[in-house]
Amino acid sequence: MLGDTRSAHWADDFPAEGDRVIAGLFGQHPAWLGACGHRLIIERGSGQVVGSIGLFWPPNEGALEIGYGIVASRRGRGYAPEAARRLAAFALTAPDVHTVFANVELSNPSSVRVLEKAGFSRGDAEENLARFEITSADRRQR
73 MLGDTRSAHW
83 ADDFPAEGDR
93 VIAGLFGQHP
103 AWLGACGHRL
113 IIERGSGQVV
123 GSIGLFWPPN
133 EGALEIGYGI
143 VASRRGRGYA
153 PEAARRLAAF
163 ALTAPDVHTV
173 FANVELSNPS
183 SVRVLEKAGF
193 SRGDAEENLA
203 RFEITSADRR
213 QR
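Here the sequence shown is numbered in the numbering used here, starting from 73 and rising by one per residue.
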């Protein structure tokens, strides 16, 4: 993902800049590659990689950050909310995780909507940044 080699299974605009940034950090954060780490988002119909999503492991006091991105050509199709919902549900099965959160710039309404659709609740906001989270208790109530 960091070099010039492309896979035939990637959407034309994958990897996006955010994917390259995260891939470049794996050497410093090997836990991000484990069972609770980062994953590729694959479009069912085409089998192409259209984005990535991940958990920034290990949890800090039971809270685990989630991050995601979908390439521009595939946005608006519901892939990010579905992936965020499923990965958060998986993360909350870990014994040392009770909260999955994302800090989102309020100037990014698309990302805000992704988290709302995925079942995250908006928490505190500071200037242009809001925290969205979903907890083990939220999952039990559904």
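No residue lacks a Cβ here, since even glycine has one placed at the ideal position from N, Cα and C.
Source: prediction; values computed, not measured.
Between the beta-carbon of residue i and the beta-carbon of residue j, is there less than 8 Å?
{"i": "residue 103", "j": "residue 129", "result": "yes"}
{"i": "residue 148", "j": "residue 88", "result": "no"}
{"i": "residue 86", "j": "residue 122", "result": "yes"}
{"i": "residue 108", "j": "residue 163", "result": "yes"}
{"i": "residue 138", "j": "residue 127", "result": "yes"}
When the Cα atoms are used, what is the spatial distance from residue i to residue j?
{"i": "residue 111", "j": "residue 91", "result": "11 Å"}
{"i": "residue 161", "j": "residue 78", "result": "31 Å"}
{"i": "residue 131", "j": "residue 165", "result": "13 Å"}
{"i": "residue 208", "j": "residue 146", "result": "30 Å"}
{"i": "residue 173", "j": "residue 136", "result": "6 Å"}
{"i": "residue 134", "j": "residue 167", "result": "9 Å"}
{"i": "residue 101", "j": "residue 81", "result": "26 Å"}
{"i": "residue 170", "j": "residue 180", "result": "26 Å"}
{"i": "residue 150", "j": "residue 116", "result": "12 Å"}
{"i": "residue 118", "j": "residue 84", "result": "12 Å"}
Give the single residue among the options whose Cα lies nearest to the Cα of residue i.
{"i": "residue 203", "options": "182, 191, 190 and 177", "result": "177"}
{"i": "residue 125", "options": "99, 147 and 156", "result": "156"}
{"i": "residue 120", "options": "167, 143 and 164", "result": "143"}
{"i": "residue 158", "options": "179, 206 and 93", "result": "206"}
{"i": "residue 197", "options": "184, 127, 189 and 191", "result": "184"}
At the 8 Å Cβ level, is residue i part of the contact set with chain D, yes or no?
{"i": "residue 130", "result": "Among the protein chains of the structure shown there is no chain D, as only one such chain exists."}
Please return the same chain residues whose Cβ sits closer than 8 Å to the Cβ of residue i, not counting the five positions on each side in sequence.
{"i": "residue 186", "result": "140, 152, 153 and 156"}
{"i": "residue 201", "result": "175, 176, 177 and 178"}
{"i": "residue 193", "result": "204, 205, 206 and 210"}
Counting only the same chain and skipping the five closest in sequence on each side, list residues whose C-beta sits under 7 Å from that of residue i.
{"i": "residue 188", "result": "none"}
**Any alpha helix (DSSP H) of 4 or more consecutive residues that is wholly inside the region 173-211** = Counting only runs of 4 or more, we get 181-189.
**Request:** Scan the region 132-156 and note each continuous beta strand (DSSP E) run of 3 residues or more that stays entirely inside, going in chain order.
**Result:** 135-142
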